[in-house]
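Trainee: Sending over a structure as structure tokens; questions will come in a sec.
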Amino acid sequence: MRVCIVGSGGFIGAELWQVFKANPLCDTYYVSRESIEGEAHRNLSPEHIAEYEIDVLIYLADDAKSLKEGEVQHVESNFRRLDFYLRSIKNDALFCYVSSRLVYDDVAFGKEDLSLIDKVYKNNPYGEYKRNAEFRVISEATAQRFNYLILRPTNVYGKNAKAQVGNSLVDHVFNCIQVERDVVCVGDGTACRDYVSVQFAANSIHDLIFARQKNQIFNITEGFNCSLNSIVSVFELIFRKKASVEYRSRNRKLNDFSASFEKLKGVLNISYTPEHAEARFKNAFALSSVGP
731 MRVCIVGSGG FIGAELWQVF KANPLCDTYY VSRESIEGEA HRNLSPEHIA EYEIDVLIYL
791 ADDAKSLKEG EVQHVESNFR RLDFYLRSIK NDALFCYVSS RLVYDDVAFG KEDLSLIDKV
851 YKNNPYGEYK RNAEFRVISE ATAQRFNYLI LRPTNVYGKN AKAQVGNSLV DHVFNCIQVE
911 RDVVCVGDGT ACRDYVSVQF AANSIHDLIF ARQKNQIFNI TEGFNCSLNS IVSVFELIFR
971 KKASVEYRSR NRKLNDFSAS FEKLKGVLNI SYTPEHAEAR FKNAFALSSV GP
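In terms of my numbering, the sequence shown opens at residue 731 and continues consecutively.
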């Protein structure tokens, strides 16, 4: 199987590269501004990607930072890039579009149903773009006769996440408590969100492809819900130090949100045993022994 990861330099993309490269059944390539050490020959030129007759193209090349600003020129630029790769894929190939849980409204329970998100997100330009991009992928797949998977990761966390705006709260707390910087919390810290480690996300995407899933939508989550206050408490235990939290008020209360885990769990036959948050975070961040 010839696989190409477009956006392998990002957080999820880099983990996907490791997972697919380790699979001897995959002939794995990537598209990135910077070549992976020792793997420069596998960095494909976008202009020639159609010549390689890729079987599975995993797309993670949306520019999240520019899209969150919501400016028209950034949205159009991202759509042009997406359209280019949609036109580069062969018939009967699989186009895997990595979307986002932000396509959901926070007051809704996130099930994999396009009808639930057929609305305009006035305060969420990134979610609106991702929703429209999903429709674009599905429309082009039908017209050009290739297959698709829409993958909606929830709040992804783990080792090697860059400290930047837009990270999951788990990464934010992890980075802040290490350098003794204030954890910034919008709201009172009690609203729960669902989180998924980058390792679980990458392995799930890999397993869905090898389970021959196609023309489907999946949430990429692992059924782990937690509030910011709980995350802070867990990292205080791990690092054995007290965190400083700056609470910022907001106009409306944050609602709990959880994307449905049932479809992914059923298709991949995941035998799920809840793991304590401390063990999850230690595994995800490779923290064997920390603290004074």
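Ideal Cβ placement from N, Cα and C applies to all residues, glycine included.
Going by DSSP, name the residue or residues bridged to N945.
Mentor: Answer is none; N945 lacks a bridge partner.
Trainee: Quick check: the Cα distance between R942 and E976, rounded to an integer number of angstroms?
Mentor: Distance between the alpha carbons of R942 and E976: 46 Å.
Trainee: May I ask you to report which of helix, strand or coil DSSP gives A989?
Mentor: Correct three-state label for A989: strand.
Trainee: Short check: CB of L881 to CB of F948, under 7 Å?
Mentor: Contact flag set, yes.
Trainee: According to the neighbour-count rule (16 or more other Cβ atoms, all chains shown, within 10 Å of its Cβ), is G996 buried or exposed?
Mentor: That one is exposed.
Trainee: Tell me the start and end of each unbroken beta strand (DSSP E) in the region 916 to 973 that is at least 3 residues and wholly inside, in chain order.
Mentor: Runs of the beta strand (DSSP E) inside the region 916 to 973: 922 to 927, 946 to 950 and 954 to 957.
Trainee: Cutting at 7 Å between CB atoms, please list the residues of its own chain near K751, excluding the five before and the five after it.
Mentor: The answer, listed in chain order, is T758.
Trainee: Given a cut-off of 7 Å on the beta-carbon distance, is the pair K860 and S830 in contact?
Mentor: Yes, the pair counts as a contact, with Cβ atoms nearer than the cut-off.
Trainee: Would you say N955 and S988 are within 7 Å of each other, going by their C-beta atoms?
Mentor: Closer than 7 Å, so yes.
Trainee: Let me check understanding here. Comparing Cα to Cα, which of D918, E858, C906 and F969 lies closest to R980?
Mentor: When only C-alpha atoms are compared, the closest one is D918.
Trainee: Which same chain residues, not among the five before or five after F904, have their C-beta less than 7 Å away from its C-beta?
Mentor: Hits under 7 Å: F965 and F1015.
Trainee: Using DSSP's beta-bridge definition, name the partner residues of F686.
Mentor: The structure shown does not extend to residue 686, since the chain is modelled only from 731 through 1022, so no value can be given for it.
Trainee: For L881, report the span of its beta strand (DSSP E) as first-last.
Mentor: Looking at the DSSP string, the run of the beta strand (DSSP E) that includes L881 is N877 to P883.
Trainee: For the alpha helix (DSSP H) that contains I735, what are its first and last residues?
Mentor: First-last for I735: R732 to V736, but that is the beta strand (DSSP E), not the alpha helix (DSSP H).
Trainee: Applying the criterion that 16 or more other CB atoms from any shown protein chain within 10 Å of the CB defines a buried residue, is I847 buried or exposed?
Mentor: Interpretation of I847 is limited by its pLDDT of 45, a score under 50 that renders its predicted location unreliable; no figure is taken from the coordinates.
Trainee: Which of the three DSSP states is assigned to D757 in this structure?
Mentor: Three-state result, D757: strand.
Trainee: Check whether the Cβ atoms of T951 and F991 sit closer than 7 Å, and answer yes or no.
Mentor: Closer than 7 Å, so yes.
Trainee: My output table needs one value for L899: the three-state DSSP class, helix, strand or coil.
Mentor: Three-state result, L899: helix.
Trainee: If you follow the beta strand (DSSP E) that Y827 is part of, which residue opens it and which one closes it?
Mentor: Its beta strand (DSSP E) spans residues L824 to V828.
Trainee: What three-state label does DSSP hand I907 in the structure shown?
Mentor: The answer is helix: DSSP assigns I907 an H, G or I state.
Trainee: Going by alpha carbons, who is nearest to I788 out of S869, K972, A1009 and V828?
Mentor: For the residues S869, K972, A1009 and V828, the minimum Cα distance to I788 belongs to V828.
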